[in-house]
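> The structure that follows is given in the form of structure tokens.
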Amino acid sequence: MSGLVPCQACPLPLRIYPSEEIAKIWGADAESFKRGLLLREKSVPAPDQDLITMSVEAARHALKRAGGLDPKELGAIYIGAESHPYAVKPSGTVVAEAIGATPDIHCADYEFACKAGSEAMFVTLGLVQADYVKYALAIGGDTSQGAPGDALEYSTAAGAAAFIMGREHVVAEIEHTHSYTTDTPDFWRRDLQHYPQHGGRFTGEPAYFKHVTSCARALFEKSSTKPGDFKYAVFHQPNGKFPQRVSRMLGFTQKQIDQGWLAPTLGNTYSGSSPMGLSAILDVARPGDRIFMVSYGSGAGSDGFIWKVTERIVEVQNLAPQTRQQLEHKPRYLDYGTYAKFRRKIRKAEKV
Amino acid sequence: MITARYWREMPQRYRYEAGKCVKCGYVAFPPRLICPVCKAREFQTVTLANTGKIETFTVIRVAPSDFEDEVPYAMAVIKLDDGVQVTAQVVDVDLDELKIGDRVRIEFRRISQDGEAGVIFYGYKFVPA
Numbered sequence: 010m011s012g013l014v015p016c017q018a019c020p021l022p023l024r025i026y027p028s029e030e031i032a033k034i035w036g037a038d039a040e041s042f043k044r045g046l047l048l049r050e051k052s053v054p055a056p057d058q059d060l061i062t063m064s065v066e067a068a069r070h071a072l073k074r075a076g077g078l079d080p081k082e083l084g085a086i087y088i089g090a091e092s093h094p095y096a097v098k099p100s101g102t103v104v105a106e107a108i109g110a111t112p113d114i115h116c117a118d119y120e121f122a123c124k125a126g127s128e129a130m131f132v133t134l135g136l137v138q139a140d141y142v143k144y145a146l147a148i149g150g151d152t153s154q155g156a157p158g159d160a161l162e163y164s165t166a167a168g169a170a171a172f173i174m175g176r177e178h179v180v181a182e183i184e185h186t187h188s189y190t191t192d193t194p195d196f197w198r199r200d201l202q203h204y205p206q207h208g209g210r211f212t213g214e215p216a217y218f219k220h221v222t223s224c225a226r227a228l229f230e231k232s233s234t235k236p237g238d239f240k241y242a243v244f245h246q247p248n249g250k251f252p253q254r255v256s257r258m259l260g261f262t263q264k265q266i267d268q269g270w271l272a273p274t275l276g277n278t279y280s281g282s283s284p285m286g287l288s289a290i291l292d293v294a295r296p297g298d299r300i301f302m303v304s305y306g307s308g309a310g311s312d313g314f315i316w317k318v319t320e321r322i323v324e325v326q327n328l329a330p331q332t333r334q335q336l337e338h339k340p341r342y343l344d345y346g347t348y349a350k351f352r353r354k355i356r357k358a359e360k361v
Numbered sequence: 016m017i018t019a020r021y022w023r024e025m026p027q028r029y030r031y032e033a034g035k036c037v038k039c040g041y042v043a044f045p046p047r048l049i050c051p052v053c054k055a056r057e058f059q060t061v062t063l064a065n066t067g068k069i070e071t072f073t074v075i076r077v078a079p080s081d082f083e084d085e086v087p088y089a090m091a092v093i094k095l096d097d098g099v100q101v102t103a104q105v106v107d108v109d110l111d112e113l114k115i116g117d118r119v120r121i122e123f124r125r126i127s128q129d130g131e132a133g134v135i136f137y138g139y140k141f142v143p144a
């Protein structure tokens, strides 16, 4: 049996009300954004937080949940994101050093828009199943970028989730996977550009909905399952509305997606999105529960997973802070000016 | 900070590794070559406790150039649960509510960077426990 040993998400305490604060600055219709995106608030990284710091925190808690697993037993560390602090120098090197997993470890950073995290999960599962490594660490996260005034600015948030994959002490066994990929230019960022570009409404039907539903249906077919066979489902959450709509299209109920539906208070954490939702589900899942997960990354592709929760889940759920508890713990709200400063959207004079 | 020095200090900055004198038990953080108590030269590597309480603190309003954008911020002396005292920033906190005796825990954060094109320096700060 192979699958997740433990997992941990790292939500952040700083928030902003996008509809009120951001729409006010750019003269947009706040109510229309609120209704259209189903986003009440979103997380914001502090100036001293980035993908690497969030990954270290998530990984440390995941190790704690693994009953104090020796980090030296990790044979690989893969971090998926589109906001790696360095263009050249893997984020995983810093994270591996910080958690004490160096030097005998394979390390790589992944990039595939918002599904880079599930890519890392997919590959680590493969390594573990092939018995190349005993344990492997997969992290998905981002400090998402959205240009000032762009529709993305209302949803881009920050967070990360870390998963240790292994063949022993598994809390969620992997039953089936599927990947679905095409060349669909719905969202991209060219080299040296600070902010991504997107195709507006083109990001919907031919991109998100086509890829998520196609991957999901292939997964149903592969596994001979139907929506009613699952206790929980989680999808990529670019806003509150898309995952809700895609779940209805596939035949899932609101009850099945509620626990992992974090976007309304977290925002879109890009590569951390569906992985953080999965983490929130595993915080409350019971032995025997099946979880259906489909990520989405622009460009475009989806990774699908079917997890089956094992008896061991109850032993690890309280060993580290739970995702929703962290989200609800003393949030601090920013005004747009402070948000713009923290996200380095204000151009300062060069120091001489 | 030069890159080579940052690299040498990673064990203490990243993993909070201290040196415990094998002869008298004194814990040196950052690690030392010679024990200031008994002058012994043999140390065992130990990891510091990751929680503690604020012994005293001050709020920095005029900061060194690397930290200008962060003002106002708190610098505190923290007594860790293993008795070791460290000086560090306390973040994610309302400065008006911060007080001596508050419980805090360690978090991995960015400390500074060598300009927009240089190395990013990571290390420890404290947040409310």
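Note that the protein sequences, when read in sequence, are chains A and B.
Under our numbering, think of the first position of the first sequence as 10, with each following residue one higher.
Under our numbering, think of the first position of the second sequence as 16, with each following residue one higher.
Built from N, CA and C at the ideal position, the CB exists for glycine as well.
On a predicted model such as this, the values are computed, not experimentally measured, just so you know.
(1) So who's on the other strand from residue 16 of chain A, going by DSSP bridges?
(2) Just mark residue 97 of chain A as buried or exposed, buried being the case when its beta carbon has 16 or more other beta carbons within 10 Å.
(3) Let me see if you follow: with CB-CB separation under 8 angstroms, is residue 122 of chain B close to chain A or not?
(4) When you compare the stretch 273–288 of chain A with the stretch 157–175 of chain A, are there three or more beta-carbon pairs, one atom per stretch, that lie closer than 8 angstroms?
(5) With a threshold of 7 angstroms, establish whether the CB of residue 248 of chain A neighbours any heavy atom of the ligand SAM.
(6) In this structure, how does DSSP classify residue 389 of chain A when only helix, strand and coil are distinguished?
(7) With three or more C-beta pairs closer than 8 angstroms as the rule, is the stretch 237–253 of chain A touching the stretch 270–277 of chain A?
(8) Going by C-alpha distance, which of B:140, B:144, B:136 is nearest residue 19 of chain B?
(9) From the beta carbon of residue 81 of chain B, is the nearest beta carbon of chain A less than 8 angstroms away?
(10) Put residue 330 of chain A into one of helix, strand or coil per three-state DSSP.
(11) Would you mind giving the Cβ-Cβ distance between residue 137 of chain A and residue 75 of chain A, rounded to the nearest angstrom? I have them listed as a contact below 8 angstroms.
(12) What does residue 25 of chain B reach in chain A if we use C-beta pairs closer than 7 angstroms?
(13) Measuring CB to CB, does residue 94 of chain A end up less than 8 angstroms from residue 148 of chain A?
(14) Indicate the three-state DSSP secondary structure (helix, strand or coil) for residue 78 of chain A in the structure shown.
(15) Who are the Cβ neighbours of residue 108 of chain B in its own chain at under 6 angstroms, not counting the five residues just before and after it?
(16) When the distance is taken between beta carbons, is residue 104 of chain B closer than 8 angstroms to residue 90 of chain B?
(17) Pull up the DSSP beta-bridge partners for residue 125 of chain B, would you.
(18) Between the stretch 52–63 of chain B and the stretch 17–34 of chain B, do three or more beta carbon pairs fall short of 8 angstroms?
(19) Residue 301 of chain A to residue 199 of chain A, Cα distance in whole Å?
(20) Can you pull out the residues from the stretch 90–105 of chain A whose beta carbon lies closer than 8 angstroms to at least one beta carbon of chain B?
(21) Using a Cβ-Cβ cutoff of less than 8 angstroms, which residues in the same chain neighbour residue 53 of chain A once the five nearest sequence positions on both sides are dropped?
(22) Excluding the 5 residues preceding and the 5 following residue 363 of chain A in the sequence, name in chain order all residues of the same chain whose CB lies nearer than 6 angstroms to its CB.
(23) Can you say whether residue 132 of chain B is buried or exposed, counting buried as having 16 or more other CB atoms within 10 angstroms of its CB?
(24) Give the interface partners of residue 106 of chain B over in chain A, defined as CB-CB distance under 8 angstroms, in chain order.
(25) Which residue from A:70, A:252, A:32, A:57 puts its Cα closest to that of residue 19 of chain A?
(26) With residue 219 of chain A as the anchor, note down where its alpha helix (DSSP H) starts and where it stops.
(27) I need the straight-line Cα distance from residue 72 of chain A to residue 154 of chain A, nearest angstrom please.
(28) Between residue 120 of chain B and residue 71 of chain B, is the Cβ-Cβ spacing less than 8 angstroms?
(29) Establish whether the CB of residue 332 of chain A and some CB of chain B are separated by less than 8 angstroms.
(30) Closer than 8 angstroms by C-beta to residue 184 of chain A: which residues in its own chain qualify, once you throw out the five before and the five after it? Chain order, please.
(31) Can you name, in chain order, every residue of its own chain whose Cβ lies under 6 angstroms from the Cβ of residue 186 of chain A, other than the five neighbours on each side?
(32) Does any residue of chain A bring its CB to less than 8 angstroms from the CB of residue 137 of chain B?
(33) Given that a residue counts as buried once 16 or more other Cβ atoms are within 10 Å of its Cβ, and exposed if not, what is residue 57 of chain A?
(34) Name the chain B residues that come within less than 8 angstroms of residue 62 of chain A, Cβ to Cβ?
(35) Measure from the alpha carbon of residue 109 of chain A to the alpha carbon of each residue in B:141, B:93, B:87, B:27, then state which is nearest.
(36) The stretch 65–78 of chain A: which residues have C-beta closer than 7 angstroms to a C-beta of chain B, in chain order?
Let's see:
(1) A:172
(2) exposed
(3) yes
(4) yes
(5) In terms of ligand content, the structure shown is empty, and the ligand SAM therefore cannot be addressed.
(6) The requested residue 389 of chain A is not part of the displayed model; chain A covers only 10 to 361.
(7) yes
(8) B:136
(9) no
(10) coil
(11) Actually they do not touch by this definition, with Cβ atoms about 13 angstroms apart.
(12) 106
(13) no
(14) coil
(15) 143
(16) yes
(17) B:137
(18) yes
(19) 33 angstroms
(20) 94, 95, 103
(21) 21, 23, 24, 25, 166, 167, 343, 348, 351, 352
(22) Nothing can be reported for residue 363 of chain A: it is not among the residues displayed for chain A, which extend from 10 to 361.
(23) exposed
(24) 55, 57
(25) A:70
(26) 219–232
(27) 29 angstroms
(28) no
(29) no
(30) 232, 299, 315, 316, 317
(31) 314
(32) yes
(33) buried
(34) 122, 123, 124, 125, 137
(35) B:27
(36) 65, 66
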